Amino acid sequence: MVSHPDQDSPPVVTPRLWLLLDDRPGHTTQAVGLAEALGWPYETRELRFTLLNRLSNRLLGASRLSLDAGRSDALTPPWPDLVIAMGRRTAPIARWIKRQSGGHSKLVQLGRKAANVAADFDLSVTCAHFQQPAHPKRVELLLPPTQVTPARLQAAAARWPDLFDGAARPRVALLVGGTTAHHRLTAETAARMAGEVQAFAAALGGSLTCVTSRRSGAAVEQALKEGAPAATMHFWRRDQQENPYLGYLAQADILVVTGESESMLAEAAGAAKPLYIYPIPAKPESLRARLAAGVLRASQDHGPLARLCEGLIQRGLVVPPRDLELMHRGMIAAGIARPFGDGRPPAGGLPPLRQDALTERVRLLLEGR
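The number in this note's numbering is simply the position in the sequence shown, starting from 1, with 467 added.
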């Protein structure tokens with residue numbers, strides 16, 4: 468349990484703010500990113516879960532049934548004014564805190580399978596590619612919040628000044644994710660990608676550095692080395708004392724990011740550099756995903772069936788499939804990124820992304836509006 472004060476611009480009345488964090492870095496960066504955008508002090512509550520977390524949140528309700536209390540931070544009064552939580556597993560715990568506080572604690576929930584039932588929270592935060600229907604308690608974003616800020620990038624550049632160490636400019640950084648529930652990064656794809664990005668960097672007279680993540684794995688690492696033998700490699704390791712990832716974001720001239728990771732794409736966008744999206748092949752859709760897509764299509768029509776299908780989605784009985792192609796197209800339409808292979812010269816850097824609409828909604832929530 469850690470308290471993180473921020474003294475830059477304290478509000479007149481500072482709310483007591485808790486962040487509910489699980490063990491997934493992508494979830495943490497979104498919750499912390501929103502808290503830091505608000506500029507209020509916050510306390511973290513690290514949560515760990517039992518196998519009961521696999522039950523539907525419809526069954527868990529507002530409870531701690533799925534919480535491993537022995538491995539989690541204590542949840543005791545005084546209860547917070549505001550709870551920010553990310554991820555499906557944190558949602559029942561957030562709702563339990565609100566109940567324990569007598570309804571005082573306001574809940575801001577993020578995530579596709581966590582914030583999909585907007586009526587369960589005071590504010591539901593989802594992204595457009597989650598394809599959720601409109602709701603008075605929902606804020607929809609193009610990109611999720613992140614911890615990437617100009618100040619953090621400046622500090623990272625000072626902390627790791629020699630990451631590129633004389634490499635030719637422009638310095639291209641290929642940020643590599645890995646296989647997910649919906650996408651598969653094979654060694655073959657990784658080798659082809661590395662070769663194409665190395666050729667792209669060479670055509671600009673520059674250099675390439677490949678930076679992997681915890682999802683990449685040994686086969687992808689070997690394929691990157693084979694596909695881009697002239698590139699510098701930085702491979703993620705679990706036992707790293709410090710991760711220079713932000714240093715690469717800060718000091719690269721051009722970023723190329725694998726398209727399966729919404730967090731990495733949002734973080735790269737926050738660096739305000741020329742950004743390219745490299746697509747990763749999608750896995751075949753499961754029967755469940757195809758059925759959910761059918762319900763989503765039906766909900767967008769008219770008549771009784773459409774209302775029935777929208778009700779199934781609003782109540783969380785059906786979760787629409789995440790469509791990262793929508794995110795990619797939105798980023799490209801907004802001028803934030805280009806598809807890899809776009810023949811135009813790299814776009815100039817963009818100003819850092821802001822979350823003003825979201826932070827304003829949170830402030831109004833605490834004011835009772």
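Don't be surprised by glycine CBs; every beta carbon is placed ideally from N, CA and C.
It should be emphasised that the depicted structure is a prediction, and the values quoted were computed from it without experimental measurement.
Would residue i pass as a contact of residue j if the rule is Cβ separation under 7 Å?
| i | j | result |
| --- | --- | --- |
| residue 719 | residue 640 | yes |
| residue 577 | residue 595 | no |
| residue 724 | residue 807 | no |
| residue 691 | residue 657 | yes |
| residue 741 | residue 763 | no |
| residue 650 | residue 744 | no |
| residue 589 | residue 573 | yes |
| residue 500 | residue 613 | yes |
| residue 664 | residue 675 | yes |
| residue 627 | residue 711 | yes |
| residue 731 | residue 652 | no |
| residue 524 | residue 533 | no |
| residue 789 | residue 659 | no |
Mind reading off the beta-carbon distance from residue i to residue j? Whole number of angstroms is fine, and I expect it under 8 Å.
| i | j | result |
| --- | --- | --- |
| residue 581 | residue 558 | 5 Å |
| residue 551 | residue 502 | 6 Å |
| residue 505 | residue 489 | So it is not a contact: roughly 20 Å between Cβ atoms. |
| residue 705 | residue 645 | Contact doesn't hold; Cβ gap of about 14 Å is too wide. |
| residue 729 | residue 611 | 6 Å |
| residue 540 | residue 512 | 5 Å |
| residue 637 | residue 721 | 5 Å |
| residue 585 | residue 605 | 4 Å |
Which residues bound the beta strand (DSSP E) around residue i?
| i | result |
| --- | --- |
| residue 591 | 590-594 |
| residue 640 | 638-643 |
Based on DSSP bridge pairs, tell me the residues matched to residue i.
| i | result |
| --- | --- |
| residue 725 | 745 |
| residue 674 | 638 |
| residue 605 | 591 |
| residue 485 | 510, 550 |
| residue 516 | 534 |
| residue 679 | 643 |
| residue 650 | 749 |
| residue 805 | 743 |
Could you spell out the range, first to last residue, of the alpha helix (DSSP H) harbouring residue i?
| i | result |
| --- | --- |
| residue 834 | Here residue 834 belongs to no alpha helix (DSSP H), and DSSP marks it neither H nor E. |
| residue 510 | Note, residue 510: premise wrong, no alpha helix (DSSP H); beta strand (DSSP E) at 509-513. |
| residue 577 | That residue, residue 577, is in no alpha helix (DSSP H); its beta strand (DSSP E) goes 573-577. |
| residue 496 | 492-505 |
| residue 701 | From DSSP, residue 701 is part of no alpha helix (DSSP H) but of the beta strand (DSSP E) over 699-701. |
| residue 524 | 524-527 |
| residue 766 | 754-766 |
| residue 614 | Here residue 614 belongs to no alpha helix (DSSP H), and DSSP marks it neither H nor E. |
| residue 563 | 558-567 |
| residue 687 | 685-694 |
Count the other CB atoms, across all protein chains shown, that sit within 10 Å of the CB of residue i; report buried if there are 16 or more and exposed otherwise.
| i | result |
| --- | --- |
| residue 678 | buried |
| residue 834 | exposed |
| residue 480 | exposed |
| residue 571 | exposed |
| residue 689 | exposed |
| residue 478 | A caution first: residue 478 carries a pLDDT of 45, below 50, which makes its placement in the model unreliable, though a value can still be read off. Under this definition residue 478 is an exposed residue. |
| residue 823 | exposed |
| residue 543 | exposed |
| residue 526 | exposed |
| residue 599 | buried |
| residue 517 | exposed |
| residue 672 | exposed |
| residue 769 | exposed |
| residue 484 | buried |
| residue 487 | buried |
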